[in-house]
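Numbering (our numbering), first residue to last: 156 to 485.
Heads up, the beta-carbon is just placed ideally off N, CA and C, and yes, glycines get one too.
Remarks on the structure that follows.
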Amino acid sequence: MGALLRRLGVYLLAAWVAITFSFLLPRVVPGNPVAGAVARASQSGNCNSQCVTAIEEQLGFNVHTSLWDQYLQYLGNLVQGNLGHSWSENAPVSSLILSYLPWTLALLGIATVISFVAGTTIGAVVAWRRGSWSDWVMPAATFFQAIPYFFLALVLVLIFGQTGTMLKWFPSLFGYDIYTVTPGPNWPYIASTIAHGILPVATVILASIAGFIMSMRNQMITTMDEDYVLVAAAKGLPTRRVVWYAARNALLPVVSNFTIAISLVVAGQILVEIVFNYPGIGYHLYDALGKLDYTLVQGIFVVITLVVLAANLLADVVYVLIDPRARQMA
């Protein structure tokens, strides 16, 4: 319990730093961020004096309150779930993020689970059968690990995407067919979202699975030299059971490294969403930056940070639950 409390304290500190940075970001931007925001807002409609005043209040520009008072107000609004108003979308930021987030969480959750399960399984098999044909998995894993997410996404679009030039098997733009499908609990919409998610999920899996394969293989090779594994093999236990003994303990360091992997996967997924115009939180972050919608950028930045911290905390909880040594050290 003590170990989890210490980790929770670290994550709370990280969350506070991220929130503070998000608050200061538009206030330290050189020049006049309000002028750019107003210019962008005026392109889509008439931004009157009330609109200008609202933008100034949100960005803390040309207001008669101290920075500390603005910070306290920002924290109070954040606690209430008020992330401000997006002038590019003319909607509350919180409602916009709630509409973006399920796309990202579904894509990230499916791809990460598949990468972790398949990567650790393949890594254990490659280690157990080292010296055989399975060793060829390692050069392939190293190759995919070295490819940036966005480049791999472009290659998959070129080969398999309907906007590419070769096989044209899968849709490669948007989260569903925006021209013929009506969003809702109906089969055409569900089938369309699945089809449009194949290439983004495949990109994240191919780019992230290599790390789990290599980590599990290295840990498995070390574990197989332990006495309890050698004794289990000498007793004539079934190979499957011996492999399970070794893999169960080799998996612990891989789970502890999962916190690092999830941050890299989230960063890569943002680029994947941009390539596929996937309607997740990463794509809309890029779109908000282009429109100089600082309020929406602030909200998305805070949510991404909190989601990553929550995933890391969950991985730490799982590690403490499955490793008795971590509980004893606490």
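If one requires a minimum length of 4 residues, the alpha helix (DSSP H) runs lying completely within the segment 376-434 are 382-389, 394-411, 413-431, in chain order.
Per the coordinates, the alpha-carbon of residue 249 lies some 32 Å from the alpha-carbon of residue 306. Note that the C-beta distance between residue 319 and residue 313 is below 7 Å.
Distances from the alpha-carbon of residue 380 to those of 289, 304, 402 put 402 closest. When C-alpha distances from residue 466 are compared across 456, 291, 421, the shortest belongs to 421. Beta-bridge partners of residue 325 (DSSP): 316. Note that the segment 268-283 touches the segment 373-387; at least 3 beta-carbon pairs, one per stretch, sit closer than 8 Å.
Residue 259 places its beta carbon less than 7 Å from that of residue 436. Assigned with DSSP and collapsed to three states, residue 247 falls in strand.
In the structure shown, residue 241 falls within a strand segment according to DSSP collapsed to helix, strand and coil. Taking one beta carbon from each stretch, the segment 345-360 and the segment 257-273 have 3 or more pairs nearer than 8 Å; the two touch. In the three-state scheme derived from DSSP, where H, G and I count as helix and E and B as strand, residue 281 is classed as helix. In this structure, residue 178 lies near residue 229, with their beta-carbon atoms less than 7 Å apart.
Per the C-alpha coordinates, the member of 264, 387, 247 positioned closest to residue 236 is 247. For residue 334, there is no enclosing alpha helix (DSSP H), as DSSP marks it with neither H nor E.
In the three-state reduction of the DSSP assignment, residue 256 falls in the helix class. When Cβ pairs closer than 8 Å are counted between the two stretches, the segment 388-398 is seen not to touch the segment 432-450, the count staying below three. In this chain, the alpha helix (DSSP H) harbouring residue 442 covers 436-445. For residue 412, the closest alpha carbon among the candidates 383, 377, 430, 474 is that of 474.
Sorting 448, 351, 302, 337 by C-alpha distance to the C-alpha of residue 324 places 351 at the top. In terms of Cβ geometry, residue 241 and residue 460 do not form a close pair [threshold 7 Å].
Taken through DSSP and simplified to helix, strand or coil, residue 348 comes out as helix. DSSP places residue 220 outside both helix and strand once states are collapsed to three, so it counts as coil. DSSP, read as helix, strand or coil, puts residue 457 in helix. Separation of the CB atoms of residue 452 and residue 444 is rounded to 6 Å, and the pair is thereby assigned contact status at 8 Å.
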